[in-house]
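Participant: Residue numbers (the working numbering): 16 to 216.
1. Identify the continuous beta strand (DSSP E) that holds residue 59 and give its terminal residues.
2. Looking at C-alpha atoms only, which residue of 181, 185, 160 is the closest neighbour of residue 172?
3. Using 8 Å as the cut-off, can you tell me whether the region 144 to 155 makes contact with the region 59 to 76, which would need three or more C-beta pairs spanning the two stretches below that distance?
4. Who are the near neighbours of residue 52 in its chain, counting only those whose CB is closer than 6 Å to its CB and skipping five residues on each side?
5. When you compare only the Cα positions, how much space is there between residue 105 and residue 199?
6. Considering Cα atoms alone, identify which of 176, 30, 211 is closest to residue 100.
7. For the beta strand (DSSP E) holding residue 188, just list the boundary residues, first then last.
8. Just to confirm the assignment, what range does the alpha helix (DSSP H) spanning residue 9 have?
9. Would residue 204 be called buried (16 or more neighbouring beta carbons within 10 Å of its own) or exposed?
10. Please report the residue range of the alpha helix (DSSP H) in which residue 45 lies.
11. How many whole angstroms separate the CB atoms of residue 125 and residue 134, which I take to be in contact at a CB cut-off of 8 Å?
12. State buried or exposed for residue 211, treating a residue as buried only when at least 16 other CB atoms are found within 10 Å of its CB.
13. On a Cα-Cα basis, can you pick out the residue from 165, 177, 80, 54 that is closest to residue 98?
14. Determine the direct distance from the alpha carbon of residue 46 to that of residue 90, and round the result to whole angstroms.
15. Taking the beta strand (DSSP E) that residue 88 belongs to, which residues open and close that run?
16. Compute the beta-carbon to beta-carbon distance between residue 155 and residue 35, rounded to the nearest angstrom, for a pair I have assumed lies under 8 Å.
17. Cβ atoms of residue 44 and residue 80: under 8 Å apart, would you say?
18. Whose C-alpha, out of 88, 28, 84, 69, is nearest the C-alpha of residue 38?
19. Is it the case that the Cβ atoms of residue 175 and residue 182 are separated by a distance below 8 Å?
20. Can you tell me the Cα-Cα spacing of residue 109 and residue 192, whole angstroms?
Encoded structure:
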């Protein structure tokens with residue numbers, strides 16, 4: 016039974032990676048998500064806690080997000096909301112299999128008996144996967160950088176990107192993603208040039 020329940024961890028890594036890729040949240044924020052943070056009707060999630068790990072007797076511990084701005088609401092694509100709903104149903108079925116050993120933590124990402132998953136586990140899994148497939152491994156934080164960079168380059172204003180990332184102020188976003196802002200400005204200049212040139216007699 017324990018072996019089949021451990022498959023639950025591997026299955027959970029699919030929503031783990033997809034949420035990182037779509038939402039760009041910090042790893043601790045992701046691992047702190049609970050099902051009550053998901054608004055299934057309105058396709059949103061709230062980030063209100065982080066889950067971290069410290070060697071020694073402390074182990075996994077929960078704390079508040081990095082800054083006040085880190086407490087935020089993020090919008091989900093409907094297929095992600097449905098994926099989380101199915102993931103909840105999967106957990107409930109595994110809870111029945113586990114019986115009295117199951118710990119009802121309400122976390123999205125758990126170990127085989129329902130306890131919060133150690134935050135380094137998705138990192139290790141993705142690193143091993145990339146090595147097996149011969150794909151460069153950039154770390155989990157690269158998803159966050161990709162969300163920010165691609166959003167800015169494709170026309171999302173920096174203040175909105177800053178709010179999505181949970182930065183304390185817009186200047187933080189500007190400082191970190193200067194290269195993306197420059198690309199966005201160049202793209203805007205090219206758009207305007209195209210419009211003007213198109214209307215030239």
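Built from N, CA and C at the ideal position, the CB exists for glycine as well.
A quick note: this is a predicted structure, and the numbers were derived from the prediction, not measured.
Facilitator: Let me spell this out:
1. 59 to 62
2. Proximity to residue 172 across 181, 185, 160 peaks at 185, based on C-alpha coordinates.
3. no
4. So the qualifying residues of the chain are 60, 61.
5. 42 Å
6. Per the Cα distances, 30.
7. Segment 185 to 191 is the alpha helix (DSSP H) holding residue 188; no beta strand (DSSP E) there.
8. Outside the displayed range of the chain (16 to 216) lies residue 9, so it cannot be described from this structure.
9. exposed
10. 42 to 46
11. Contact flag wrong, Cβ pair sits at about 12 Å.
12. exposed
13. Sorting 165, 177, 80, 54 by C-alpha distance to the C-alpha of residue 98 places 54 at the top.
14. 17 Å
15. 87 to 90
16. 6 Å
17. Their beta carbons are under 8 Å apart, which means residue 80 touches residue 44 by this criterion.
18. 88
19. no
20. 42 Å
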